[in-house]
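**Q**
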Amino acid sequence: MIEMIAALQPLVVGAVLIWSARVKLFSRHAAAAADRSALVPILGQRRALPAYRLLGGVELTLGALLLLPPVLRLEAVAAAVLAAGFLAYLTYARRAAPASSCGCLSASPTPVSGRSLARAGLLLMAGGLAASATGGWPAALAGRPVAAMAVLLAEVAAVVALSPELDQGWLLPLRRLRARLTHPLRGGSGVPLLATVQQLQLSDAYRRVAPLLRSDVREHWDDGDWRFVGQAARYQGRPVTAVFAVPLADPQPDAVRVAVVDDATGHALLSLAGTPAPAGPRLSVVPA
Amino acid sequence: MDQTLDRRRLLATAALGGVVTATGLGSLAPEAAFAAEATTVEPGAPDPNFAEGRIGKITGNMLLVTGSDTVLHSIRITDGTSIWKLHPTTFDRVAVGDGLYARGVRLPDGTLAADAVWVNIVNLHAHIAAVGRNVLHLDHKGRRIVAHVVPDRSAAVYNGTPAVSDMSLLRVGRHVQVLGAWHPDTNEIDIATVYAAA
């Protein structure tokens, strides 16, 4: 069994390397991916892209050699060495440049995570296993096709599961499906305070007293159909409170009322009722 | 408590009562107020009327705050200071270790008499990585942030329309901007407002 698994490893490692090389050599976003990678702090801005491309070339060559006969132990050893290099590079990138992108299997910005490290570790193990194989993968696949396919599928699933770049294709749709089935964010009713504040800030009453206001919302409470919002203000050196009355059922800014109350005496210095919309002809502005 | 109720009754009556003309108030036009307040901040210089940092000590109504640039600020909380900690709240909810943004007036002795204090406020651009029961798992530059939906407090703004309490239009994988209150020294926040496309 272990012999069959070992013989299949060049197929898995080769496929992953070719997939990885595809991004580095043929993607239109390769330059951007190289720029975001930890190659920039290691090699400098100028050498990052050539190094990225060169790595792609090495990956493509080695991947092709692993997939194509003849089966040579040297190929598997080279793949294991490359995987060990990936592991070292990712460990360094995670420590020295945590903001950098992996640049591994996709050009999309993906920070180096524990999963990327685990994937490099998996490749290293696969490379090591491949070096101990005696036969080629076509023979192993032909010998026990069902078991071999199962092993291959399991390994591909493991690589996909350990690739944050591929989450978009399977993990997020699964999470979306779960959210659609369970509605975890359902509920939530009533008028949030922000809606009241947005409404009053659009009102004429607010525009009139805004220059006096000093604080953000200090207090708010609901009473019947109204929500009251109090803000500290200052008028002629005296501390005053501007209290807005906002109807809970009517979202029109015109309905907002305001009073300015002296904090010391409790007298209303100013009280403005909402101004109804003008009844006359309105100037309508049409975008050109 | 009775005092608060009396005060609120007084304020409510004033707001809903008859119109008091502003004859004694002089002009309330915005341009009149702005003309009186010349800005004194040099371009590029730090705004003297703003402070941010972590609270190191609370003595009476004074907060000793260490800024992220290690500058120490003394911030005085007055009767007129608004305090925000996920929602408008009171001074006794402020604790040592909280972060804050404060705006007010710098007094001659160097203390900042605060008009408004926002405690633990954060403003994040992130992607929704997953949703759970009343919780969003956000991916913020590759780091995971757990954002709690607080019933009756959290609001959602979809496509710039007025805020609503309904969070159910948020989708996994979408970009959001979240205003919230940080739980100090954790990767968790409570959501005040989430801005999203729907």
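Protein chains in written order, with our numbering: chain A, 266 to 553; chain B, 35 to 232.
Just so it is clear, CB atoms sit at the ideal spot from N, CA and C, and this is done for glycine as well.
Predicted model, so just to flag it, every value in this text is computed and none were measured.
Does Leu-459 of chain A come within less than 8 Å of chain B when only Cβ atoms are used?
**A** The count along the first sequence starts at 1 and reaches residue 459 of chain A at position 194. At a cut-off of 8 Å between beta-carbon atoms, Leu-459 of chain A makes contact with chain B.
**Q** The beta strand (DSSP E) spanning Glu-76 of chain B covers which residue range?
**A** Within the second sequence, the letter at position 42 stands for residue 76 of chain B. No beta strand (DSSP E) holds Glu-76 of chain B; DSSP gives it neither H nor E.
**Q** Does the beta-carbon of Ile-267 of chain A have 16 or more other beta-carbons within 10 angstroms, so that it is buried, or is it exposed?
**A** Numbered from its first residue, the first sequence carries residue 267 of chain A at position 2. Looking at its Cβ environment, which holds fewer than 16 other Cβ atoms inside 10 Å, Ile-267 of chain A is exposed.
**Q** At a cut of 8 Å, does the segment 360–376 of chain A reach the segment 298–311 of chain A through at least three beta carbon pairs?
**A** yes
**Q** Below 8 Å, how does it come out for the segment 154–173 of chain B and the segment 497–510 of chain A: are there three or more Cβ pairs, yes or no?
**A** The segment 154–173 of chain B vs the segment 497–510 of chain A: no contact.
**Q** So is Thr-560 of chain A in contact with chain B if we call contact Cβ pairs under 8 Å?
**A** Outside the displayed range of chain A (266 to 553) lies residue 560 of chain A, so it cannot be described from this structure.
**Q** At what residues does the alpha helix (DSSP H) containing Thr-356 of chain A begin and finish?
**A** On the first sequence, residue 356 of chain A is found 91 positions in, with the first residue counted as 1. Residues 338–361.
**Q** How long is the line joining the alpha carbons of Arg-178 of chain B and Leu-172 of chain B, rounded to whole angstroms?
**A** As a working note, residue 178 of chain B is residue 144 in the second sequence. As a working note, residue 172 of chain B is residue 138 in the second sequence. Spanning the two alpha carbons is a distance of roughly 6 Å.
**Q** Check whether the segment 367–375 of chain A touches the segment 419–438 of chain A, taking contact to mean three or more Cβ pairs, one atom from each stretch, closer than 8 Å.
**A** yes
**Q** Please confirm if the segment 469–488 of chain A is in contact with the segment 82–94 of chain B, defined as three or more CB-CB distances below 8 Å between the two stretches.
**A** Counting Cβ pairs under 8 Å, fewer than three are found: no touch.
**Q** Which runs of the beta strand (DSSP E) at least 3 residues long sit entirely within the segment 154–218 of chain B? Give them in chain order.
**A** Those beta strand (DSSP E) runs which fall completely within the segment 154–218 of chain B and span 3+ residues are 155–166, 169–174, 177–183, 189–192, 209–216.
**Q** Can you have a look at Pro-77 of chain B and say buried or exposed, based on whether 16 or more other CB atoms are within 10 angstroms of its CB?
**A** Looking up residue 77 of chain B in the second sequence gives position 43. So Pro-77 of chain B ends up on the exposed side.
**Q** Can you pull the chain B neighbours of Gln-484 of chain A, defined as C-beta to C-beta under 7 Å?
**A** Sequence index remark: in the first sequence, residue 484 of chain A carries index 219 (1-based). As written in the sequence, residue 484 of chain A is Glu, which differs from the Gln given in the question. Those within 7 Å of Glu-484 of chain A in chain B are Pro-122.
**Q** Taking Cβ-Cβ distances shorter than 9 Å, what residues in chain A pair up with Val-228 of chain B?
**A** Taking the first residue of the second sequence as 1, we reach residue 228 of chain B at position 194. Within 9 Å Cβ-Cβ: nothing; Val-228 of chain B doesn't reach chain A, min ~10 Å.
**Q** Helix or strand or just coil, what does DSSP make of Leu-382 of chain A?
**A** Counting from 1 along the first sequence, the entry for residue 382 of chain A is found at position 117. Correct three-state label for Leu-382 of chain A: helix.
**Q** Please classify Ala-533 of chain A as buried or exposed, where buried requires at least 16 other C-beta atoms within 10 Å of its C-beta.
**A** Mapped onto the first sequence, residue 533 of chain A falls at position 268. With a threshold of 16 other beta carbon atoms within 10 Å, Ala-533 of chain A meets it and is buried.
**Q** Locate the beta strand (DSSP E) running through Glu-484 of chain A, then write down its first and last residues.
**A** Along the first sequence, read from residue 1 onward, the residue named residue 484 of chain A stands at position 219. It spans 478–488 - the beta strand (DSSP E) in which Glu-484 of chain A sits, taken as one unbroken run.
**Q** At the level of alpha carbons, what is the spacing between Ala-383 of chain A and Ala-423 of chain A?
**A** Taking the first residue of the first sequence as position 1, residue 383 of chain A is located at position 118. Taking the first residue of the first sequence as position 1, residue 423 of chain A is located at position 158. So the alpha carbons of these two residues sit roughly 10 Å apart.
**Q** Go ahead and label Gln-310 of chain A buried or exposed: buried means 16 or more other beta carbons lie within 10 angstroms of its beta carbon, across all protein chains shown.
**A** Counting from one through the first sequence, the residue named residue 310 of chain A turns up at place 45. Exposed, since its Cβ has fewer than 16 Cβ neighbours within 10 Å.
**Q** Restricting to Cα atoms, I'd like to know which of B:Val-212, B:Asp-224, B:Asp-219, B:Ala-215 is closest to Val-184 of chain B.
**A** Start at 1 with the first residue of the second sequence, and residue 184 of chain B comes out as number 150. When each option's Cα is compared against that of Val-184 of chain B, the closest is B:Asp-224.
**Q** When the cut-off is 8 Å and only beta carbons count, does Trp-216 of chain B lie next to chain A?
**A** Counted from its first residue, the second sequence places residue 216 of chain B at position 182. Closer than 8 Å: no.
**Q** Does the separation of the CB atoms of Ala-49 of chain B and Arg-522 of chain A fall below 8 Å?
**A** What you label residue 49 of chain B is simply residue 15 of the second sequence in a count that begins at 1. What you label residue 522 of chain A is simply residue 257 of the first sequence in a count that begins at 1. Contact flag set, yes.
**Q** For a test of your reading of the model: does the CB of Ala-348 of chain A fall under 7 Å from any non-hydrogen atom of the ligand COA? Yes or no.
**A** The ligand COA is absent from the structure shown, which contains no ligand whatsoever.
**Q** Mind checking if Arg-110 of chain B is an interface residue toward chain C, Cβ cutoff 8 Å exclusive?
**A** Although the question refers to chain C, the structure presented lacks it and instead comprises the protein chains A and B.
**Q** Any beta-carbon of chain B closer than 8 Å to the one on Thr-506 of chain A?
**A** Sequence index remark: in the first sequence, residue 506 of chain A carries index 241 (1-based). Yes, Thr-506 of chain A counts as interfacial toward chain B.
**Q** Residues in the segment 143–154 of chain B with C-beta within 7 Å of chain A's C-beta atoms, listed in sequence order?
**A** Asp-149, Ala-150
**Q** CA-CA distance, Pro-82 of chain B and Val-525 of chain A?
**A** On the second sequence, residue 82 of chain B is found 48 positions in, with the first residue counted as 1. On the first sequence, residue 525 of chain A is found 260 positions in, with the first residue counted as 1. Using only the alpha carbons, I get a separation of about 28 Å.
**Q** What residues in the segment 185–209 of chain B bring their beta carbon closer than 9 Å to a beta carbon of chain A?
**A** Pro-185, Asp-186, Arg-187, Ser-188, Ala-189, Ala-190, Val-191, Pro-196, Ala-197, Val-198, Ser-199, Asp-200, Met-201, Ser-202, Leu-203, Leu-204, Arg-205, Val-206, Gly-207
**Q** Spatial neighbours of Gly-58 of chain B within its chain, please: C-beta separation below 8 Å, excluding the five flanking residues on both sides.
**A** Translated into the one-based positions of the second sequence, residue 58 of chain B becomes position 24. Confidence at Gly-58 of chain B is low in this model, with a pLDDT of 48, below 50, so its placement is unreliable and the value that follows should be read with caution. Answer for Gly-58 of chain B: no residue qualifies.
**Q** Taking the Cβ atom as the reference point for each residue, do Ala-226 of chain B and Leu-134 of chain B lie within a distance shorter than 8 Å?
**A** Taking the first residue of the second sequence as 1, we reach residue 226 of chain B at position 192. Taking the first residue of the second sequence as 1, we reach residue 134 of chain B at position 100. In this structure, Ala-226 of chain B lies away from Leu-134 of chain B, with their beta-carbon atoms at least 8 Å apart.
**Q** Specify, as a first and last residue, the run of the alpha helix (DSSP H) that Ala-460 of chain A falls within.
**A** What you label residue 460 of chain A is simply residue 195 of the first sequence in a count that begins at 1. Per DSSP, the continuous alpha helix (DSSP H) segment holding Ala-460 of chain A begins and ends at 458–466.
**Q** Looking at C-alpha atoms only, which residue of A:Gln-466, A:Leu-331, A:Ala-395, A:Phe-291 is the closest neighbour of Leu-314 of chain A?
**A** For the purposes of this step, residue 314 of chain A is taken as residue 49 along the first sequence, with counting starting at 1. Answer by Cα proximity: A:Phe-291.
**Q** Check whether the segment 444–459 of chain A touches the segment 402–411 of chain A, counting contact only when three or more Cβ pairs, one atom from each stretch, lie closer than 8 Å.
**A** no
**Q** For Arg-440 of chain A, count neighbouring C-beta atoms within 10 Å of its own C-beta (all shown protein chains included) and say buried if the count is 16 or more, exposed if not.
**A** The residue given as residue 440 of chain A occupies position 175 in the first sequence. That one is buried.
**Q** Is Ser-108 of chain B helix, strand or coil when you go by DSSP?
**A** For the purposes of this step, residue 108 of chain B is identified with residue 74 of the second sequence, where counting begins at 1. Look at Ser-108 of chain B here: in three-state DSSP terms it is strand.
**Q** Measure the Cβ-Cβ separation of Ser-199 of chain B and Gly-453 of chain A and say whether it is below 8 Å.
**A** Taking the first residue of the second sequence as position 1, residue 199 of chain B is located at position 165. Taking the first residue of the first sequence as position 1, residue 453 of chain A is located at position 188. Yes; because the gap between Cβ atoms is below 8 Å, this pair is in contact.
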